[in-house]
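K.L.:
There are 2 protein chains.
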Amino acid sequence: MLENIDGYVIDLDGTVYKGQQAIEGVMDSIAYVKSIGKRVVFLSNRGNISRHMCHDKLIGMGIDVQEEEILLTSTVTATYLRNHDEGAQVWVLGEQGLRDELVLAGLTLAEKPEEADWLVITLHETLTYKELNEAFRAVRHGARMIATNADKTFPGDEGDSIDVAGMIGALESTTDQKVEVVIGKPSILMAEAALEVMGLPAERCMIIGDSLVSDIGLGKNAGMRTTLVLTGSVSREEAEASDVQPDYIWNSLSDLKDILQSEASPK
Amino acid sequence: MLENIDGYVIDLDGTVYKGQQAIEGVMDSIAYVKSIGKRVVFLSNRGNISRHMCHDKLIGMGIDVQEEEILLTSTVTATYLRNHDEGAQVWVLGEQGLRDELVLAGLTLAEKPEEADWLVITLHETLTYKELNEAFRAVRHGARMIATNADKTFPGDEGDSIDVAGMIGALESTTDQKVEVVIGKPSILMAEAALEVMGLPAERCMIIGDSLVSDIGLGKNAGMRTTLVLTGSVSREEAEASDVQPDYIWNSLSDLKDILQSEASPK
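Protein sequences, first through last, are from chains A and B.
Quick note, the first sequence lines up with residues 1 to 267 if you use the working numbering.
Quick note, the second sequence lines up with residues 268 to 534 if you use the working numbering.
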């Protein structure tokens with residue numbers, strides 16, 4: 001089942017951790033898969049934190065990971081803008097982590113919303129009306145819109161919570177402008193970034209995640225093998241009833257170690 | 268020009284005041300029109316304050332007004348819900364002023380978003396992510412949506428600012444549900460409420476406001492005479508280029524006194 005797979009693209013939220021808590025057993029599976037020489041990339045639609053902040057979080061959970069093995073939409077968005085409009089002034093509807101990634105990529109942060117060429121939209125749970133209105137003013141004065149992702153919901157502490165699609169809806173419905181680029185999964189931009197880090201073709205990679213739309217959708221768009229885990233937003237019943245069918249369904253990413261060991265042992 | 272007009276429906280924001288400041292001369296015009304026995308109703312799409320709070324604000328500006336002469340979407344929304352779903356539990360995306368109006372109308376405020384039958388959407392400039400997410404949770408658990416108004420922008424201290432349409436866009440695009448009722452101008456619900464207060468038929472009334480869509484649109488929907496004033500969001504050039512044509516364009520509501528006096532004086 002996994003013998004041709006040399007690279008694992010692993011979602012974070014709902015797959016490796018929930019909130020501040022690592023999911024039981026995932027630390028062992030990740031350590032094992034790396035110990036047998038497989039490549040790993042962690043791929044998340046999170047746009048409000050920097051790669052550095054995410055690395056700290058994973059290390060704090062006891063997960064063995066290099067900063068280069070983490071790809072967030074904040075990083076990929078910054079790279080995209082640098083490659084497509086290097087001199088652009090950028091306004092951020094988001095947090096410091098996203099600003100850090102943009103500056104690290106060599107972009108300039110606009111001093112006022114009215115001066116921005118691009119508005120980068122992501123979500124943060126400390127969003128205020130003032131910030132939303134600054135983003136609105138940027139677009140009214142000509143800024144083009146790019147979003148780190150377009151998820152409708154994410155699993156929050158009090159259940160499903162409103163995600164970036166809400167901010168996009170607020171701005172599109174009041175400015176009569178459309179978001180031009182969405183970076184996050186299932187966009188092929190995220191798959192290309194992951195394959196580039198691993199240096200592997202898609203057919204030798206498997207994506208493991210908890211979202212049918214984002215993770216399994218991305219795997220299918222890119223030609224990777226796909227595994228849905230049930231530790232996040234989707235139940236087995238929902239998965240079986242869906243139009244999008246993953247190649248495999250596991251209870252948890254923690255199953256990966258057992259599956260690899262049983263395949264490796266003599267029949 | 269005004270000889271058959273016995274009732275004036277007057278917009279507030281951009282017509283009577285801007286921010287915390289009364290527009291010059293409007294106090295005199297309002298006092299004069301009442302002194303010659305005409306009826307007046309102030310009609311605003313504001314949904315986040317109570318009629319009582321608005322009355323205090325106008326009195327503080329020196330404007331002679333009774334509480335009964337003020338119709339806000341907070342009041343009209345509360346009356347609508349009471350008449351259509353009296354036992355409903357209501358969750359508010361808004362401020363205390365709207366909650367006051369709902370309780371005054373005899374409605375019950377839900378204790379948790381998940382328990383609400385209706386979500387009432389309005390705008391307030393202290394909106395936080397937490398409040399937006401509570402509204403989202405109400406809808407995800409079955410609450411139907413009603414909005415005090417659906418304006419895209421309002422004239423704020425730093426120029427045009429994002430209005431209720433933004434909140435509607437955020438919730439509709441993430442819940443796949445639609446707002447069922449919009450109370451505010453140009454909805455006929457606001458016109459009917461104004462005509463009821465004045466006890467006059469539409470053809471004996473004139474609406475005076477600064478918005479082509481909300482004010483002039485409402486007047487045309489209801490069969491009232493229409494006057495656009497240029498103290499708010501629209502310039503004379505924009506007005507003349509518009510599909511919606513008011514019967515009259517005045518520089519300001521303060522012109523009303525002069526026009527009435529010149530019509531009353533012997534030819």
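No residue lacks a Cβ here, since even glycine has one placed at the ideal position from N, Cα and C.
Using CA coordinates, which residue listed in His-319(B), Ser-532(B), Leu-495(B) is at the minimum distance from Ser-521(B)?
P.N.:
Against the second sequence, residue 521(B) aligns to sequence position 254. Looking at the Cα atoms, Leu-495(B) is the closest of the given residues.
K.L.:
Which two residues bound the contiguous alpha helix (DSSP H) that contains Ser-440(B)?
P.N.:
For the purposes of this step, residue 440(B) is taken as the residue at position 173 of the second sequence. 431-442 is the extent of the alpha helix (DSSP H) around Ser-440(B).
K.L.:
With 8 Å as the limit, tell me which residues of the stretch 412-438 of chain B have their beta carbon closer than that to any beta carbon of chain A; keep them in chain order.
P.N.:
Within the stretch 412-438 of chain B, the qualifying residues are Lys-419, Thr-420, Gly-423, Glu-425, Gly-426, Asp-427, Ser-428, Ile-429, Asp-430, Ala-432, Gly-433, Met-434, Ile-435, Gly-436, Ala-437, Leu-438.
K.L.:
According to the neighbour-count rule (16 or more other Cβ atoms, all chains shown, within 10 Å of its Cβ), is Gly-329(B) buried or exposed?
P.N.:
As a first step, residue 329(B) must be located in the second sequence, where it is residue number 62. Exposed.
K.L.:
Give the straight-line distance between the Cα atoms of Leu-260(A) and Glu-3(A), rounded to the nearest whole angstrom.
P.N.:
Within the first sequence, numbered from 1, the residue matching residue 260(A) stands at position 260. Within the first sequence, numbered from 1, the residue matching residue 3(A) stands at position 3. About 8 Å.
K.L.:
Straight-line CA distance for Val-446(B) to Gly-476(B)?
P.N.:
In the second sequence, the residue the question calls residue 446(B) occupies position 179. In the second sequence, the residue the question calls residue 476(B) occupies position 209. So the alpha carbons of these two residues sit roughly 26 Å apart.
K.L.:
So, under 8 Å CB-CB, Leu-107(A) and Arg-82(A) are touching, yes? Tell me the CB distance rounded to an integer number of Å.
P.N.:
Locating residue 107(A) in the first sequence gives position 107, where the first residue counts as 1. Locating residue 82(A) in the first sequence gives position 82, where the first residue counts as 1. Right, the Cβ-Cβ distance comes to about 6 Å (below 8 Å), so this counts as a contact.
K.L.:
Could you tell me which residues DSSP pairs with Thr-395(B) in its beta bridges?
P.N.:
Here residue 395(B) corresponds to residue number 128 of the second sequence, with the count starting at 1. Note: Thr-395(B) sits in a beta bridge opposite Thr-128(A).
K.L.:
Please state whether the Cβ-Cβ distance between Pro-380(B) and His-408(B) is less than 8 Å.
P.N.:
For the purposes of this step, residue 380(B) is taken as residue 113 along the second sequence, with counting starting at 1. For the purposes of this step, residue 408(B) is taken as residue 141 along the second sequence, with counting starting at 1. For Pro-380(B) and His-408(B), yes; Cβs fall inside 8 Å.
K.L.:
At a cut of 8 Å, does the stretch 87-105 of chain A reach the stretch 40-51 of chain A through at least three beta carbon pairs?
P.N.:
Yes, the stretch 87-105 of chain A touches the stretch 40-51 of chain A.
K.L.:
Use the C-beta contact count for Gly-37(A): other C-beta atoms within 10 angstroms, 16 or more gives buried, fewer gives exposed.
P.N.:
In the first sequence, residue 37(A) corresponds to position 37, counting from 1. That one is exposed.
K.L.:
Compare the beta carbon distance of Asp-430(B) and Leu-485(B) with 8 Å and say whether it is the shorter of the two.
P.N.:
For this step, residue 430(B) is matched to residue 163 along the second sequence. For this step, residue 485(B) is matched to residue 218 along the second sequence. For Asp-430(B) and Leu-485(B), no; Cβs fall outside 8 Å.
K.L.:
With which residues is Ser-311(B) paired in a DSSP beta bridge?
P.N.:
Position 44 of the second sequence, counted from the first residue, corresponds to residue 311(B). Answer is Leu-339(B).
K.L.:
Quick one: grab the DSSP three-state call for Pro-380(B).
P.N.:
Numbered from its first residue, the second sequence carries residue 380(B) at position 113. Here Pro-380(B) sits in helix by DSSP.
K.L.:
Put Lys-18(A) into one of helix, strand or coil per three-state DSSP.
P.N.:
Counted from its first residue, the first sequence places residue 18(A) at position 18. Lys-18(A) falls in the strand class under three-state DSSP.
K.L.:
Rounded to whole angstroms, what's the CA-CA distance from Ser-296(B) to Arg-492(B)? Just pull it up for me.
P.N.:
Indexing the second sequence from 1 puts residue 296(B) at position 29. Indexing the second sequence from 1 puts residue 492(B) at position 225. Going from the Cα of Ser-296(B) to the Cα of Arg-492(B) covers about 18 Å.
K.L.:
Output needed in chain order: residues of the stretch 229-254 of chain A with a Cβ under 9 Å from some Cβ in chain B.
P.N.:
Residues passing the 9 Å Cβ filter: none.
K.L.:
Cβ of Arg-137(A) less than 8 Å from any chain B Cβ?
P.N.:
Indexing the first sequence from 1 puts residue 137(A) at position 137. For Arg-137(A), the answer is yes, since a Cβ of chain B falls inside 8 Å of its Cβ.
K.L.:
Measuring only the C-alpha atoms, how far is Ala-506(B) from Leu-479(B)?
P.N.:
The count along the second sequence starts at 1 and reaches residue 506(B) at position 239. The count along the second sequence starts at 1 and reaches residue 479(B) at position 212. Ala-506(B) and Leu-479(B): Cα-Cα distance of roughly 7 Å.
K.L.:
When the Cα of Gly-426(B) is compared with those of Met-268(B), Gly-281(B), Gly-274(B), which residue comes out closest?
P.N.:
Residue numbering aside, residue 426(B) sits at position 159 when the second sequence is read from its first letter. Gly-426(B) has its Cα closest to that of Gly-281(B), out of Met-268(B), Gly-281(B), Gly-274(B).
K.L.:
Check the Cβ-Cβ distances between Arg-46(A) and every residue of chain B, and say whether any is below 8 Å.
P.N.:
The residue you call residue 46(A) lines up with position 46 of the first sequence. Chain B, which has no Cβ nearer than 8 Å to the Cβ of Arg-46(A), makes this no.
K.L.:
Glu-382(B) to Ala-405(B), Cα distance in whole Å?
P.N.:
As a working note, residue 382(B) is residue 115 in the second sequence. As a working note, residue 405(B) is residue 138 in the second sequence. Using only the alpha carbons, I get a separation of about 7 Å.
K.L.:
For the stretch 121-132 of chain A, which residues have a beta carbon sitting closer than 9 Å to at least one beta carbon of chain B?
P.N.:
Per Cβ criterion, the list reads Leu-123, His-124, Glu-125, Thr-126, Leu-127, Thr-128, Tyr-129, Lys-130, Leu-132.
K.L.:
Helix, strand or coil, according to DSSP, for Glu-463(B) in the structure here?
P.N.:
Taking the first residue of the second sequence as position 1, residue 463(B) is located at position 196. Helix.
K.L.:
Whose C-beta lies closer than 6 Å to the C-beta of Ala-241(A) among residues of the same chain, with five residues either side of it excluded?
P.N.:
In the first sequence, counting from the first residue as 1, residue 241(A) sits at position 241. Correct list: empty, nothing qualifies.
K.L.:
Using DSSP with H/G/I as helix, E/B as strand and the rest coil, what is Ser-454(B)?
P.N.:
As a working note, residue 454(B) is residue 187 in the second sequence. Ser-454(B) falls in the coil class under three-state DSSP.
K.L.:
What's the gap between the Cα of Tyr-17(A) and the Cα of Thr-340(B)?
P.N.:
As a working note, residue 17(A) is residue 17 in the first sequence. As a working note, residue 340(B) is residue 73 in the second sequence. C-alpha separation (whole angstroms): 45 Å.
K.L.:
Counting only C-beta atoms, is Ser-173(A) closer than 8 Å to chain B at any point?
P.N.:
Position 173 of the first sequence, counting from 1, holds the residue named residue 173(A). For Ser-173(A), the answer is yes, since a Cβ of chain B falls inside 8 Å of its Cβ.
K.L.:
DSSP on Ile-5(A), reduced to helix/strand/coil?
P.N.:
Stepping through the first sequence from its first residue, residue 5(A) is reached at position 5. DSSP places Ile-5(A) in coil when its eight states are reduced to three.
K.L.:
Of all Cβ atoms in chain A, is any one closer than 8 Å to the Cβ of Arg-318(B)?
P.N.:
What you label residue 318(B) is simply residue 51 of the second sequence in a count that begins at 1. No - not a single Cβ of chain A is within 8 Å of the one on Arg-318(B).
K.L.:
Does the beta-carbon distance from Ala-194(A) to Val-9(A) come in below 8 Å?
P.N.:
For this step, residue 194(A) is matched to residue 194 along the first sequence. For this step, residue 9(A) is matched to residue 9 along the first sequence. The answer is yes: Cβ separation under 8 Å.
K.L.:
Could you check what DSSP says for Val-120(A) in three-state terms: helix, strand or coil?
P.N.:
Translated into the one-based positions of the first sequence, residue 120(A) becomes position 120. In the structure shown, Val-120(A) sits in a strand (DSSP, three-state: E or B).
K.L.:
Does any residue of chain B have a CB that is nearer than 8 Å to the CB of Arg-204(A)?
P.N.:
The sequence position of residue 204(A) within the first sequence is 204, counting from 1. Output row for Arg-204(A): interface = no.
K.L.:
Along chain A, which residues have their Cβ under 7 Å away from the Cβ of Arg-407(B)?
P.N.:
Counting from one through the second sequence, the residue named residue 407(B) turns up at place 140. The contacting residues are Asp-160.
K.L.:
What's the C-alpha gap between Glu-134(A) and Ala-170(A)?
P.N.:
To locate residue 134(A), count along the first sequence from 1; it is residue 134. To locate residue 170(A), count along the first sequence from 1; it is residue 170. Taking the straight line joining both Cα atoms gives about 13 Å.
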